[in-house]
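Just so it is clear: in the sequence shown, position 149 is 149 by full-length UniProt numbering, and no numbers are missing.
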Amino acid sequence: MLLGAMAFGGLAACSKTSENPAPASAGLTSSWQLGMQLWTVNAELEKDIPGTLKAIKDLGYELIETAGVRGTSAAEYRKQIEDAGLKIRAAHTSMSKLIDSFDKEIADAVGLGAEWLVASSPKPGANFDPKKDWVVAMTEAMNADQWKFNAEHISKMAPKIKAAGLKFAYHNHPMEFLDLGGGQTGEDILVSAAPADELRLELDIGWVAVAGADPAATIRKYADRTDLLHIKDMVKDPAEASGWRSVEVGAGVVKWAEVFAAAKEVGVKAWFVEQEAPYKKPILTSLAESRDYLRKL
Numbered sequence: 001m002l003l004g005a006m007a008f009g010g011l012a013a014c015s016k017t018s019e020n021p022a023p024a025s026a027g028l029t030s031s032w033q034l035g036m037q038l039w040t041v042n043a044e045l046e047k048d049i050p051g052t053l054k055a056i057k058d059l060g061y062e063l064i065e066t067a068g069v070r071g072t073s074a075a076e077y078r079k080q081i082e083d084a085g086l087k088i089r090a091a092h093t094s095m096s097k098l099i100d101s102f103d104k105e106i107a108d109a110v111g112l113g114a115e116w117l118v119a120s121s122p123k124p125g126a127n128f129d130p131k132k133d134w135v136v137a138m139t140e141a142m143n144a145d146q147w148k149f150n151a152e153h154i155s156k157m158a159p160k161i162k163a164a165g166l167k168f169a170y171h172n173h174p175m176e177f178l179d180l181g182g183g184q185t186g187e188d189i190l191v192s193a194a195p196a197d198e199l200r201l202e203l204d205i206g207w208v209a210v211a212g213a214d215p216a217a218t219i220r221k222y223a224d225r226t227d228l229l230h231i232k233d234m235v236k237d238p239a240e241a242s243g244w245r246s247v248e249v250g251a252g253v254v255k256w257a258e259v260f261a262a263a264k265e266v267g268v269k270a271w272f273v274e275q276e277a278p279y280k281k282p283i284l285t286s287l288a289e290s291r292d293y294l295r296k297l
């Protein structure tokens with residue numbers, strides 16, 4: 001979900017990013033297999049799971065992060081993905097689902113054969129307004145106490161996830177990087193909830209940039225925990241209520257050469273291309289353009 005129309009105005013300049021990233025030196029992405037987050041093709045999967053998965057493979061993508069389970073079971077969905085020649089590396093869920101349906105989320109991740117269970121979207125308090133844009137409502141609802149509430153659940157769940165044979169990572173949106181006072185952020189509160197061997201990070205680069213933080217510096221700040229990345233690019237778009245639109249990798253504000261240099265430096269294990277609606281082109285065309293850009297880095 002893209003950033004809402006409220007606030008973040010002071011952050012929108014993203015002074016530490018560039019609208020036109022320069023071409024990087026060859027080989028920056030060659031250490032990793034090309035991965036993608038299936039939320040990008042959510043609408044296509046609703047119509048045709050096997051055909052969509054085959055199209056992803058044909059584009060050259062190899063690793064998958066799921067966004068929920070489709071079909072009758074995790075095992076069935078895993079088989080469809082593997083039959084297409086793709087490998088599931090991570091399973092994505094939300095903090096709310098993990099808190100409310102812990103056993104099911106663990107069982108699904110194990111059934112999918114995922115190495116990582118990734119949770120995003122902290123559980124908000126009673127003041128969350130579902131009528132508002134999701135990011136706006138979350139920003140208003142997530143004060144320090146609510147971040148601590150989520151951190152307490154992470155501290156309890158993280159060792160259980162590890163015991164289930166999964167690696168646990170948290171995925172950010174922009175609100176995690178807003179100053180709660182005294183330089184403290186929601187991301188810092190969550191990270192303090194569990195030791196590094198129990199809690200890892202999946203940094204969403206596009207959302208880090210929208211929050212006004214420097215993506216490469218953020219990777220280095222959390223060097224001891226950053227295993228995964230969402231490779232998402234963003235562009236300012238006044239036609240959108242949010243002022244931002246998700247675009248093809250290389251077409252937005254992120255300095256990707258700096259991002260991948262930092263990723264190599266800290267030992268990022270895998271990354272997944274993600275583009276969110278609204279789309280200006282057929283999404284498979286956009287995924288091909290993102291692939292081409294990444295292969296040239």
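Think of the CB as a built atom: it goes at the ideal place given N, C-alpha and C, for glycine as much as any other residue.
Everything numeric in this text was worked out from a predicted model, so none of it was measured.
Beta-carbon gap between residue i and residue j smaller than 7 Å
i      : j      : result
Ala262 : Arg291 : no
Leu228 : Ala169 : yes
Leu112 : Ala84  : no
Ala144 : Leu180 : yes
Pro174 : Val210 : yes
Ala158 : Glu198 : yes
Range covered by the alpha helix (DSSP H) that runs through residue i
i           : result
residue 306 : Because the chain in this structure spans residues 1 to 297, residue 306 falls outside the shown range and cannot be described.
Ser290      : Ile283 to Lys296
Leu28       : It is not in any alpha helix (DSSP H) - Leu28 carries neither H nor E in the DSSP assignment.
Extent of the continuous beta strand (DSSP E) run through residue i
i      : result
Asp233 : Asp233 to Lys236
Ala257 : First-last for Ala257: Trp256 to Val266, but that is the alpha helix (DSSP H), not the beta strand (DSSP E).
Leu45  : First-last for Leu45: Asn42 to Lys47, but that is the alpha helix (DSSP H), not the beta strand (DSSP E).
Phe272 : Ala270 to Val273
Contacts around residue i, its chain only, beta-carbon distance under 6 Å, and the 5 residues preceding and following it disregarded
i      : result
Tyr293 : Val249 and Gly250
Gly9   : Reliability of the predicted coordinates at Gly9 is poor, the pLDDT of 43 falling under 50, and the value obtained from them is presented with this limitation in mind. Excluding positions up to five away in sequence, the list is empty.
Ala22  : Bear in mind that a pLDDT of 37 at Ala22, under 50, signals an unreliable position, so the model cannot answer this.
Phe128 : Ala137 and Ala141
Leu287 : Leu59
Ser25  : Any reading at Ser25 needs caution, since the residue's pLDDT is 40, under 50, leaving its predicted position unreliable; the model's value is listed next. For Ser25, where only same-chain residues beyond five positions count, there are no Cβ hits under 6 Å.
Sequence-distant residues of the same chain with beta carbon closer than 8 Å to residue i, five excluded per side
i      : result
Phe149 : Lys123 and Gly125
For residue i, the residue or residues it bridges with in DSSP
i      : result
Glu202 : His171 and Leu228
Gln37  : Glu65
Thr185 : Asp179
Ala194 : Bridge partners of Ala194: none, in fact.
Leu117 : Ala91 and Phe168
Close Cβ partners of residue i (< 7 Å) along its chain, the five nearest in sequence each way excluded
i     : result
Lys97 : Glu105
Leu53 : Gln80, Ile81, Ala84 and Leu86
Test: residue i CB closer than 7 Å to a CB of chain D
i      : result
Glu202 : Absent from the structure: chain D. Only one protein chain is present.
Do the segment 77-87 and the segment 95-105 make contact, defined as three or more Cβ pairs closer than 8 Å?
-> When Cβ pairs closer than 8 Å are counted between the two stretches, the segment 77-87 is seen not to touch the segment 95-105, the count staying below three.
Say whether the segment 267-280 touches the segment 31-38, bearing in mind that this needs 3 or more beta-carbon pairs closer than 8 Å, one atom from each stretch.
-> Here the segment 267-280 lies against the segment 31-38, with 3 or more beta-carbon pairs under 8 Å apart.
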